[in-house]
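Numbering (the working numbering), first residue to last: 5 to 677.
In structure tokens, the structure reads:
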């Protein structure tokens, strides 16, 4: 790849034959927006995806990070006082670097709507700022923050910093990009890169005539078309030649629109600018690198010593020295104050920030830090004053409004604090300060809410709702799994034997089961677990459902006889109220012998026989003996009151096989059963 491509003989007068293209830096993701600062002999450019500004020092050739993060800057230029004017994708605004080192937002809206993402900027000799506003910064989050366009168009705007007025001067482009004035400022050149989004759209540079008042343009026409790639950024030299970026080269155009030559570059070129003491060094920003090449020094056309509109006017060197000394003192004091803040030495921090503000009274962040230190000490009035100074310097700072609200809330001025929080929400958008302000507003709204009357205590819920549920025939059948209906229920309603026809007033039927009309006998059909023992089997309950109702005195005997399982012989079956129709259970040989011997007597109306000592001890432990396994027996036994600390019950030792069968310990099965 050669150094030059000469397309017209006039190009030879602009180049130095032996000059070579230099690579000054490599390591960016997309380099853009170069601007040369003569006072610092440095070049500043943007690395947009990495959100940083880079600086090339022309005196020693070093490269350093100028600022990070920077708000995704793109294009830069200088105003008439040597201050850098920048296009921010992140803030979607035009900002300016003041002499004290802080960035000031100039404009971010047009007719109440936010800009898309300002791309390139130029300053006219009358001080007005002209900039393009395509949608590249909000199309994705690669070079800013993805968002929706509010204006709905991409235009070229003119800002008057003195009055703050903004006007749209070019509205007939798809995606306006780079722009520059001619050396005499009678024409405005703007690049349209609409084909970057949709094929067939323009990839050209258009030229407009500037009106006599310098506030509008007219007569837009084509100046040049790009054969490959897009025109992005461009600048004019002293003779009026336009140097612009193309796909992989820098092209030079004569004032009549003729392409004179090219400087090949191994990467996609984004922008160019002139620098150096003689303004004959062409700086080139490409995709990942910064390049430079020397050109022939050219005298200005028409004898104008300084036709370039963006070159700064001479400033007072003594003023620059004093500003530099003040900035150095300010940085030293801020560094000391931040260190004291981290170590919670609030008095030292307050002293340091007061010294910093004496050097730079317009440092907004220093006022906020001073307010923090005063608030921690307890000087709430002084802290409020510092926060108000920060708000006065920049009314769009949500953090200043948030801290002011905190100071007012600590003083008990809730209404003023709410107003400050609302202002932080209004100017903060989706920032962290606005989020904290919304939280404070919600907390204050809850605190100021009138007290609510106490709620009535909840009604205690019974442990077993089914036991206390009023009885109906359908609910009984549903609980019993759809068992057979009670005798006497199929026809007309019979009279109750207890003398009460109403079920609600029939007290024997209310959960006790005395009445055989309203409710069947619950003595043999009871399914409640007793003292941790599981309920009876469903088969046994179905077998006992048809048994006749028995008086209360025979309940225990009835339930006890149910365990015979019909294995006690003819005598036991004759004595059994159910006629031996119970389910056969594994009661064991001891239970069979017990029932065969007639202990206990279970005849109809017979009195209960006394239980053995082993059965009583087993029932108290919740494990009845196999021949007395009944819920009613366990409930009927008297409970022994524990005195002092309870001792574990020892397991009984098994007795010889020839002993009494009822002495067998609970839980052991007979191997013959």
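We put the beta carbon where it would ideally sit given N, CA and C, even for glycine.
Own chain partners of residue i with C-beta closer than 6 Å, once the 5 adjacent residues on each side are dropped
i: residue 441; result: 406, 425, 428, 429
i: residue 141; result: 93, 121, 147, 148
i: residue 421; result: 409, 412, 413
i: residue 68; result: 59
i: residue 109; result: 97, 99
i: residue 353; result: 341, 344, 345, 377
i: residue 154; result: 117, 118
i: residue 432; result: 402, 438
i: residue 368; result: 394, 397, 398
Cβ neighbour criterion (16 or more within 10 Å) applied to residue i
i: residue 52; result: buried
i: residue 370; result: buried
i: residue 285; result: buried
i: residue 13; result: exposed
i: residue 404; result: buried
i: residue 237; result: buried
i: residue 288; result: buried
i: residue 64; result: exposed
i: residue 207; result: buried
i: residue 85; result: exposed
i: residue 250; result: buried
i: residue 8; result: buried
i: residue 751; result: Nothing about residue 751 can be reported from this structure: the residues present for the chain run from 5 to 677 only.
i: residue 158; result: buried
i: residue 204; result: exposed
Selection from the options that minimises the alpha carbon distance to residue i
i: residue 202; options: 178, 187, 435, 86; result: 178
i: residue 80; options: 94, 61, 107, 50; result: 50
i: residue 186; options: 347, 211, 22; result: 211
i: residue 87; options: 41, 152, 14; result: 41
i: residue 3; options: 184, 127, 135; result: For residue 3 there is no data in the structure shown, the boundaries of the chain being 5 and 677.
i: residue 362; options: 104, 24, 150, 444; result: 104
i: residue 22; options: 209, 6, 365; result: 6
i: residue 184; options: 126, 401, 176, 204; result: 126
i: residue 351; options: 365, 379, 335, 331; result: 379
i: residue 280; options: 253, 30, 44; result: 44
Run of the alpha helix (DSSP H) containing residue i, from where it starts to where it stops
i: residue 406; result: 402-414
i: residue 354; result: 350-363
i: residue 143; result: 140-143
i: residue 371; result: 368-381
i: residue 393; result: 384-397
Where the beta strand (DSSP E) through residue i begins and ends
i: residue 157; result: First-last for residue 157: undefined, no H or E at that position.
i: residue 429; result: First-last for residue 429: 418-432, but that is the alpha helix (DSSP H), not the beta strand (DSSP E).
i: residue 191; result: 191-197
i: residue 61; result: 56-61
i: residue 257; result: 253-257
i: residue 135; result: 133-136
i: residue 275; result: 273-279
i: residue 91; result: 88-92
i: residue 347; result: No beta strand (DSSP E) contains residue 347, which DSSP labels as neither H nor E.
i: residue 51; result: 46-51
i: residue 38; result: 35-41
i: residue 70; result: 67-71
i: residue 229; result: 221-229
i: residue 75; result: Element bounds for residue 75: n/a, residue is neither H nor E.
i: residue 169; result: 169-174
i: residue 298; result: 293-298
i: residue 29; result: 26-30
i: residue 200; result: From DSSP, residue 200 is part of no beta strand (DSSP E); its letter is neither H nor E.
i: residue 181; result: 180-185
Sequence-distant residues of the same chain with beta carbon closer than 8 Å to residue i, five excluded per side
i: residue 26; result: 295, 296, 297
i: residue 358; result: 374
i: residue 356; result: 337, 338, 340, 341, 344
i: residue 678; result: No answer is possible for residue 678: the residues shown for the chain start at 5 and end at 677.
Neighbourhood of residue i by C-beta, 7 Å cutoff - its chain only, sequence neighbours within 5 removed
i: residue 10; result: 16, 265
i: residue 392; result: 408
Exercise for the section: Would you be able to state if there are at least three C-beta pairs under 8 Å between the segment 234-247 and the segment 257-264? Expected result: Short answer: they touch.
Practice task
Indicate whether the contact test is met: 3 or more Cβ pairs, each with one atom in the segment 72-81 and one in the segment 46-63, closer than 8 Å.
Solution key: Touching, yes.
Practice task
Check whether the segment 227-235 touches the segment 158-171, counting contact only when three or more Cβ pairs, one atom from each stretch, lie closer than 8 Å.
Solution key: no
Practice task
Please confirm if the segment 268-285 is in contact with the segment 213-227, defined as three or more CB-CB distances below 8 Å between the two stretches.
Solution key: no
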